[in-house]
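See below for the structure under consideration.
What follows is the structure in structure tokens.
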């Protein structure tokens, strides 16, 4: 149980375009979802926390107009990278919590390459 | 100084060896997680603990709240254990966010 999926697993896009990444909890209701970014050989960096039906809370230094997060249902959150630049190339990981304990369930990640 | 520090950063071992990875933190916590990240990038949660010791197969995790220290042990290591192991803590005052260590890269050779 407690499976989180991400789609796509990898994506290549051109500079200036927008890319949407989906995070789904497959077998539980995720009251909270988290979006992380990971650069090569570095640890995860929390970008934002989203609760179903409310606006996401962004970490300091993360541009909310560039990284649009929507958590429209208890099983789906999306991250849209708008007007992508090569420096947005990274590994994006989501996690989800059912709010019943402190556990977070991680998705498999999405590798974004902006050319 | 990072709030969560892991040691060693890199670790190589021969198959069958006993492995220990350490995690020290400087904040009050409500829970500590040990995560495993394989080369493909996916993350698997190995343990979540707030006290004592947990065991799952060849993996053992311990935590000493007073000393703000946790260890992850792997008995009879195997090449498939090769991965990055990440310690993450949840602040006592915040029930949502995790603070991550920089990870320990383990390579087990046959």
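Residue numbers (this note's numbering), protein chains in the order written: chain A, 1 to 115; chain B, 1001 to 1110.
Ideal Cβ positions, reconstructed from N, Cα and C, are used throughout, including at glycine.
{"Asked": "Could you list which residues in chain A have their beta carbon closer than 9 angstroms to that of residue 1097/B, in chain order?", "Found": "34, 46, 49 and 59"}
{"Asked": "State the start and end residues of the unbroken beta strand (DSSP E) segment that holds residue 79/A.", "Found": "76-81"}
{"Asked": "Could you tell me which of 1015/B, 1013/B, 1056/B and 1063/B sits nearest to residue 1025/B, measuring between CA atoms?", "Found": "1063/B"}
{"Asked": "Could you check where the beta strand (DSSP E) with residue 60/A kicks off and where it finishes?", "Found": "No beta strand (DSSP E) holds residue 60/A; DSSP gives it neither H nor E."}
{"Asked": "If distances are taken between C-alpha atoms only, which option among 1015/B, 1011/B, 1010/B and 1007/B comes closest to residue 1076/B?", "Found": "1015/B"}
{"Asked": "Residues in its own chain within less than 6 angstroms of residue 1103/B by CB, not counting five upstream and five downstream?", "Found": "1084 and 1086"}
{"Asked": "From the DSSP output, in three-state form, read off residue 37/A for me.", "Found": "strand"}
{"Asked": "Are any of the Cβ atoms in chain A nearer than 7 angstroms to that of residue 1031/B?", "Found": "yes"}
{"Asked": "Within its chain, find whatever has a CB closer than 8 angstroms to the CB of residue 13/A; leave out the 5 residues flanking it on each side and keep chain order.", "Found": "19, 84, 112, 113, 114 and 115"}
{"Asked": "Check whether the Cβ atoms of residue 80/A and residue 66/A lie closer than 7 angstroms to each other.", "Found": "no"}
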